[in-house]
Amino acid sequence: MQKALVQTRKGDRHELIIVAQKYRPDLAEEMKESNVGLSFFVDEKLVQSLIVSQSEIRLLRVIADNPDAFYTWHIDDLSHQAFISESTIECVDISYIGKSLEKNGLQRKVLEGCVFRMDRIDSDANFLDLILEELDNAVESDSLPIYSLENYKAAGGVV
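Quick note on numbering: the working numbering labels position 130 of the sequence shown as 130, and the sequence is numbered without any gaps.
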């Protein structure tokens, strides 16, 4: 578990908790799946829970190894996305709002995005490094992702 103090767009200060879980080795082998669950909690309330692929983790390692360049790490988990830099995390949830539009003779669903942005308060905190540290030390579990800190604790995580 990793923690940092953050500030929202409104200027409110909160505690960010970052947790990660991975499948137990026997389950990962059986499912041929080595994805990792990554979740963000603000003041112990779930903000976003994602499934992170190994290719996304490899890209994070490349980004984190180049501190002189300003990169944003992007996670795309279907209707959930996160854009993360050293100093900012933007969590985006995309949902269908029940409407369709016709464009070029095709029906297109209307989607709506909900964005939650967090900026670091402590200049020493580097979100990319904190996330990489958590992914490297992910707790083993029977399931992904993490929807509550209680589930994380039950899998052996320390809060």
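Cβ atoms here follow ideal geometry from the backbone N, Cα and C, with glycine treated the same way.
Suppose the cutoff is 6 angstroms on Cβ atoms and the five residues either side in sequence are ignored; what does the same chain contact list for residue i look like?
| i | result |
| --- | --- |
| residue 85 | 72 |
| residue 94 | 79, 111, 113 |
| residue 132 | 60, 64 |
| residue 81 | 92 |
| residue 74 | 83 |
| residue 100 | 107, 109 |
Indicate the three-state DSSP secondary structure (helix, strand or coil) for residue i in the structure shown.
| i | result |
| --- | --- |
| residue 84 | strand |
| residue 119 | strand |
| residue 24 | coil |
| residue 109 | strand |
| residue 153 | helix |
| residue 57 | helix |
| residue 62 | helix |
So, under 8 angstroms CB-CB, residue i and residue j are touching, yes? Tell me the CB distance rounded to an integer number of Å.
| i | j | result |
| --- | --- | --- |
| residue 124 | residue 24 | Actually they are not in contact, since the Cβ atoms of residue 124 and residue 24 sit about 34 angstroms apart, beyond 8 angstroms. |
| residue 18 | residue 128 | That pair is no contact at about 11 angstroms. |
Taking 8 angstroms as the limit between beta carbons, can you name the residues of its chain near residue i, skipping five residues before and five after?
| i | result |
| --- | --- |
| residue 135 | 20, 36, 38, 52, 57, 60 |
| residue 6 | 13, 14, 15, 16, 42, 89, 118, 119, 120, 121 |
| residue 137 | 20 |
| residue 28 | 22, 34 |
So which of the options has the shortest CA-CA distance to residue i?
| i | options | result |
| --- | --- | --- |
| residue 46 | 30, 14, 147 | 147 |
| residue 41 | 14, 55, 28 | 14 |
| residue 66 | 152, 158, 126, 3 | 126 |
| residue 162 | 144, 139, 70 | Since the first residue shown for the chain is 1 and the last is 159, residue 162 is missing from the structure and cannot be characterised. |
| residue 153 | 44, 68, 11 | 44 |
Indicate whether at least one CB of chain B lies closer than 8 angstroms to the CB of residue i.
| i | result |
| --- | --- |
| residue 46 | The structure shown has no chain B; it contains just one protein chain. |
How do the region 109-124 and the region 87-94 stand: do at least 3 beta-carbon pairs fall below 8 angstroms, yes or no?
yes
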